[in-house]
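**Q** Mind looking over this structure? Questions follow.
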Amino acid sequence: MVAGSKRILVTGALGQIGTVLTLELRRRYGDDRVVASDKRSQVPPELVGGPFVPLDVLDRPALEEAIRDQDIGTVYHLAALLSAVGEQHPQLCWRVNVDGLYNVLEIARQHDLRLFCPSSIAVFGPETPREQTPQETILRPTSMYGVTKVTGERLCEYYATRYGVDVRGIRYPGLISSETPPGGGTTDYAVEIFYEAVRCGRYTCFVRADTVLPMMYMPDAIRATLQLMAAPRSELRHHADFNLAALSFSAGELAAEIRKHLPGFECTFVPDYHQAIADSWPCSIDDTAARAEWGWRPEYDLATMTTDMLAKLAERQRRGTL
Ligand code: NAD
Ligand code: SER
70 MVAGSKRILV TGALGQIGTV LTLELRRRYG DDRVVASDKR SQVPPELVGG PFVPLDVLDR
130 PALEEAIRDQ DIGTVYHLAA LLSAVGEQHP QLCWRVNVDG LYNVLEIARQ HDLRLFCPSS
190 IAVFGPETPR EQTPQETILR PTSMYGVTKV TGERLCEYYA TRYGVDVRGI RYPGLISSET
250 PPGGGTTDYA VEIFYEAVRC GRYTCFVRAD TVLPMMYMPD AIRATLQLMA APRSELRHHA
310 DFNLAALSFS AGELAAEIRK HLPGFECTFV PDYHQAIADS WPCSIDDTAA RAEWGWRPEY
370 DLATMTTDML AKLAERQRRG TL
């Protein structure tokens, strides 16, 4: 939903979620009303139809100037470092994920912006119940990414209750998509496996075959994001920490599902440093609060997602864009 007649800014718009979300926002509200931004400035062909501003979210004056100049009323704040890259660069991960979010929240407070700030299943840790992880539970993550996401949730809650900022967010599970590759997370194997199955018929997976994590197909994630942003504020008891569930499967089950379509597909499992992060996260999520407060229901299951992913990637391969 757009606040009044003002425009929308997407930070981190060149990433896995940002490219798809920007396109959908432009489809709904018009190309000119959705400003994409990112620290990187090589805009992919699908996003050249609307405005783009190069922006580092750590540069608060530049961010504030863009929000003023572009007449922004709503920000989808997607700029972040993900879990695997975050473990390689923990200090930078803190700066981008926490200082960057703090900049956005401060500007939102001063300019009365509506905000979407995603969280992650990474807020949970080894002491959290792993099956049907409840909405309210132990948040003691062991990755720097998880630490920044818990901090982010609490910051958002503080700005919502202390200053009345309308900030909303979802603890996304691992997201699977066919357009922009993921940016360095632990759940990236569940995307790479599809790309490599189509490209060359084999994949070496960096977690064990029995690793089960919560996942979601991108069309469901985009629908959830826009549904939460459109929900009446008076209906929401939570703000930026909604549990959200769709799928839970092991890496081995995913390989077997792909093999139903591509019988010659070979997958081997060679766990590396990602395994410890994966083992600290839940297997499945209880999303009762999202269902009750804003009507969330997933549409895709493992079979329908796999069919759609393989069809989309095969089409990209035919067009020469894979
Ligand atoms: P991504 O890594 O694909 O994209 C992040 C984008 O942020 C990149 O384009 C990067 O260039 C940009 N960026 C990095 N540092 C920046 C800075 N200082 N200033 C401006 N831009 C900067 O990530 P994504 O998967 O699109 O994730 C978006 C959000 O969703 C993040 O908050 C992430 O934690 C969250 N999330 C994603 C997933 C998932 O599976 N993709 C799951 C849970 C939560
Ligand atoms: N998909 C993300 C990651 O693996 C979860 O937040 O980092």
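The numbering used here applies: residue 70 is where the sequence shown begins, and numbers increase by one. All residues carry an ideal CB built from backbone N, CA and C; glycine is no exception.
Quick one: give me the first and last residue of the beta strand (DSSP E) that C336 is part of.
**A** Indexing the sequence shown from 1 puts residue 336 at position 267. E335 to F338 is the span of the beta strand (DSSP E), which, as asked, contains C336.
**Q** Report the rounded CA-to-CA distance for D341 versus F275, giving the unit in angstroms.
**A** Locating residue 341 in the sequence shown gives position 272, counting from the first residue. Locating residue 275 in the sequence shown gives position 206, counting from the first residue. Roughly 6 Å separates the two Cα atoms.
**Q** I need the straight-line Cα distance from G155 to A358, nearest angstrom please.
**A** Here residue 155 is taken as the residue at index 86 of the sequence shown, counted from 1. Here residue 358 is taken as the residue at index 289 of the sequence shown, counted from 1. So the alpha carbons of these two residues sit roughly 29 Å apart.
**Q** Is G118 a contact residue of the ligand SER, with contact defined as CB to any heavy atom under 8 Å?
**A** Numbered from its first residue, the sequence shown carries residue 118 at position 49. G118: no, Cβ never under 8 Å from the ligand SER.
**Q** Go ahead and label Q160 buried or exposed: buried means 16 or more other beta carbons lie within 10 angstroms of its beta carbon, across all protein chains shown.
**A** Sequence index remark: in the sequence shown, residue 160 carries index 91 (1-based). Exposed: under 16 other Cβ atoms inside 10 Å.
**Q** Can you list, in chain order, the stretches of the alpha helix (DSSP H) that have 4 or more residues and sit fully within the stretch 285-324?
**A** Here the runs fully enclosed are 287-299.
**Q** What's the C-alpha gap between G118 and R164?
**A** Reading the sequence shown from its first residue, position 49 is the one you call residue 118. Reading the sequence shown from its first residue, position 95 is the one you call residue 164. For G118 and R164, the distance between alpha carbons rounds to 31 Å.
**Q** Under a criterion of Cβ closer than 7 Å to any non-hydrogen atom of the ligand SER, which residues qualify, in chain order?
**A** In chain order, the qualifying residues are L151, S152, A153, S189, I190, A191, Y214, Y241, G243, L244, P251, G254, T255, T256 and D257.
**Q** Indicate whether L182 and I136 have their beta-carbon atoms separated by less than 9 Å.
**A** On the sequence shown, position 113 is the one that residue 182 refers to. On the sequence shown, position 67 is the one that residue 136 refers to. Cβ atoms of L182 and I136: closer than 9 Å.
**Q** Given that a residue counts as buried once 16 or more other Cβ atoms are within 10 Å of its Cβ, and exposed if not, what is R302?
**A** Stepping through the sequence shown from its first residue, residue 302 is reached at position 233. R302 is exposed by the Cβ-count criterion.
**Q** For the beta strand (DSSP E) containing A105, name the first residue and the last one.
**A** Translated into the one-based positions of the sequence shown, residue 105 becomes position 36. Where A105 is concerned, the enclosing beta strand (DSSP E) stretches over V103 to D107.
**Q** Is the beta carbon of A229 less than 9 Å from the beta carbon of H308?
**A** Locating residue 229 in the sequence shown gives position 160, counting from the first residue. Locating residue 308 in the sequence shown gives position 239, counting from the first residue. Going by C-beta atoms, A229 is nearer than 9 Å to H308.
**Q** Since L78 and S106 are thought to touch, with beta carbons under 8 Å apart, how far apart are those beta carbons, to the nearest angstrom?
**A** Here residue 78 refers to the residue found at position 9 when the sequence shown is read from its first residue. Here residue 106 refers to the residue found at position 37 when the sequence shown is read from its first residue. The Cβ separation is near 6 Å, so the contact holds.
**Q** Within 10 Å of its beta-carbon, does G81 have 16 or more other beta-carbons around it, so buried, or fewer, so exposed?
**A** In the sequence shown, counting from the first residue as 1, residue 81 sits at position 12. Result: buried.
**Q** N333: buried (16+ other C-beta within 10 angstroms of its C-beta) or exposed?
**A** Taking the sequence shown and counting its residues from 1, the one referred to as residue 333 is at position 264. According to the sequence as given, residue 333 is Gly; it is not Asn. That one is exposed.
**Q** From V167 to L127, what does the alpha carbon distance come to, in whole angstroms?
**A** Counting from one through the sequence shown, the residue named residue 167 turns up at place 98. Counting from one through the sequence shown, the residue named residue 127 turns up at place 58. When rounded, the distance between both Cα atoms is 10 Å.
**Q** Does the beta carbon of G99 fall short of 8 Å from some heavy atom of the ligand NAD?
**A** For this step, residue 99 is matched to residue 30 along the sequence shown. Not so, every heavy atom of the ligand NAD lies at least 8 Å from the Cβ.
**Q** My understanding is that L184 touches V144, with C-beta atoms under 8 Å, so please give their C-beta distance in whole angstroms.
**A** On the sequence shown, residue 184 is found 115 positions in, with the first residue counted as 1. On the sequence shown, residue 144 is found 75 positions in, with the first residue counted as 1. 5 Å between Cβ atoms; contact.
**Q** If you draw a straight line from the alpha carbon of L174 to that of M287, how long is it in whole angstroms?
**A** In the sequence shown, the residue the question calls residue 174 occupies position 105. In the sequence shown, the residue the question calls residue 287 occupies position 218. Going by the C-alpha atoms only, they are around 26 Å apart.
**Q** Between A266 and T373, what straight-line distance do the alpha-carbon atoms span, to the nearest angstrom?
**A** On the sequence shown, residue 266 is found 197 positions in, with the first residue counted as 1. On the sequence shown, residue 373 is found 304 positions in, with the first residue counted as 1. If I take the Cα positions, the gap works out to 17 Å.
**Q** Hey, out of L83, L323 and D356, whose CA is closest to F338's CA?
**A** Numbered from its first residue, the sequence shown carries residue 338 at position 269. Cα-wise, what sits closest to F338 is L323.
**Q** For N312, is the beta carbon positioned less than 8 Å from some heavy atom of the ligand NAD?
**A** Here residue 312 corresponds to residue number 243 of the sequence shown, with the count starting at 1. For the ligand NAD, not one heavy atom lies less than 8 Å from the Cβ of N312.
**Q** Label L222 either buried or exposed according to how many other C-beta atoms from any shown protein chain fall within 10 Å of its C-beta, with 16 as the threshold for buried.
**A** Against the sequence shown, residue 222 aligns to sequence position 153. In the sequence under discussion, the amino acid at residue 222 is Glu, which differs from the Leu named in the question. Classification for E222: buried.
**Q** Based on DSSP bridge pairs, tell me the residues matched to T375.
**A** As a working note, residue 375 is residue 306 in the sequence shown. T375 pairs with nothing; no bridge assigned.
**Q** Could you check whether the Cβ of Q85 sits closer than 8 Å to any heavy atom belonging to the ligand NAD?
**A** The residue labelled residue 85 in the question sits at position 16 within the sequence shown. Yes; taking the cut-off as 8 Å, the Cβ of Q85 has a heavy atom of the ligand NAD nearer than that.
**Q** Under a three-way DSSP split, which group does L391 fall into?
**A** Numbered from its first residue, the sequence shown carries residue 391 at position 322. In the structure shown, L391 sits in coil (DSSP, three-state: anything other than H, G, I, E or B).
**Q** Here's the rule I'm using: 16 or more other beta-carbon atoms within 10 Å means buried, otherwise exposed. How should T202 be labelled?
**A** Counted from its first residue, the sequence shown places residue 202 at position 133. By the 10 Å Cβ count, T202 comes out buried.
**Q** DSSP three-state call for C274: helix, strand or coil?
**A** The count along the sequence shown starts at 1 and reaches residue 274 at position 205. Of the three classes helix, strand and coil, the one that applies to C274 here is strand, per DSSP.
**Q** Which residues in the same chain as G84 place their Cβ atom closer than 7 Å to its Cβ, once the five residues preceding and following it in sequence are excluded?
**A** Indexing the sequence shown from 1 puts residue 84 at position 15. Excluding positions up to five away in sequence, the list reads L147, T249 and G252.
**Q** Taking 8 Å as the cut-off, is the CB of V126 close to at least one heavy atom of the ligand NAD?
**A** Within the sequence shown, residue 126 is the residue found at index 57, counting from 1. Yes, Cβ of V126 sits closer than 8 Å to a heavy atom of the ligand NAD.
**Q** Is E385 helix, strand or coil by DSSP?
**A** For the purposes of this step, residue 385 is identified with residue 316 of the sequence shown, where counting begins at 1. A small fix is needed here, since residue 385 is Arg in this sequence, not Glu. If DSSP states are grouped into helix, strand and coil, R385 belongs with the helices.
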